[in-house]
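In my numbering, each residue's number is its place in the sequence shown (first place is 1) plus 264.
All C-beta atoms in this analysis are idealised placements derived from N, C-alpha and C, irrespective of residue type, glycine included.
Everything numeric in this text was worked out from a predicted model, so none of it was measured.
Written below as structure tokens is the structure these notes are about.
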Amino acid sequence: MYYLRKITTNGQVSIPKVFIDLLQINDGDYVFIYVEGEKLIIRRFHPDSRLNQCIFRNGKLTIPIEIRKQFNITTITVLLVQLVIEDSKIVISPNSSDVSSRYLENQCGRLTQLEC
265 MYYLRKITTN
275 GQVSIPKVFI
285 DLLQINDGDY
295 VFIYVEGEKL
305 IIRRFHPDSR
315 LNQCIFRNGK
325 LTIPIEIRKQ
335 FNITTITVLL
345 VQLVIEDSKI
355 VISPNSSDVS
365 SRYLENQCGR
375 LTQLEC
């Protein structure tokens with residue numbers, strides 16, 4: 265299951281409710297956010313406590329500024345947000361030309377779920 269998202273001017277990204285429910289993330293929980301290859305990974309738990317953590321609030325989390333700069337993520341960047349349930353993680357792909365072309369092909373012109 266894939267969703268397309270953009271970040272706000274404050275660097276926040278909305279996480280689909282179905283992902284939140286399946287990973288049992290609650291409002292106020294801290295989640296780990298880190299880079300793995302060309303993707304951002306969000307996990308509720310991780311053995312390395314030195315990784316970036318951000319607080320989950322109102323269905324959103326803030327992507328740290330250093331990660332936004334590393335991937336050149338701005339408010340016009342289209343993000344592909346995917347749930348990998350077997351690994352209990354959310355994967356965000358920020359620099360995919362495929363993401364941009366899928367977004368542009370969207371007939372409604374708004375951010376919606378993609379069926380894969």
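Best match in the options for proximity to residue i [C-alpha to C-alpha]
i, options, result
"Arg308", "Pro358, Leu343, Ile319, Ile271", "Ile319"
"Gln346", "Ile271, Phe283, Asp291", "Phe283"
"Lys324", "Asn274, Lys303, Gln334", "Asn274"
"Ile329", "Val299, Tyr267, Asn290", "Val299"
For residue j and residue i, the rounded distance between their alpha carbons
i, j, result
"Tyr294", "Gln317", "6 Å"
"Ile340", "Arg321", "22 Å"
"Arg332", "Val355", "15 Å"
"Ser313", "Glu302", "21 Å"
"Val277", "Lys270", "6 Å"
"Thr272", "Thr338", "8 Å"
"His310", "Phe296", "7 Å"
"Ile305", "Lys353", "7 Å"
Simplified DSSP state of residue i, which is helix, strand or coil
i, result
"Phe335", "helix"
"Phe309", "coil"
"Lys281", "helix"
"Glu302", "coil"
With 16 other Cβ atoms within 10 Å as the buried cut-off, status of residue i
i, result
"Leu315", "exposed"
"Pro358", "buried"
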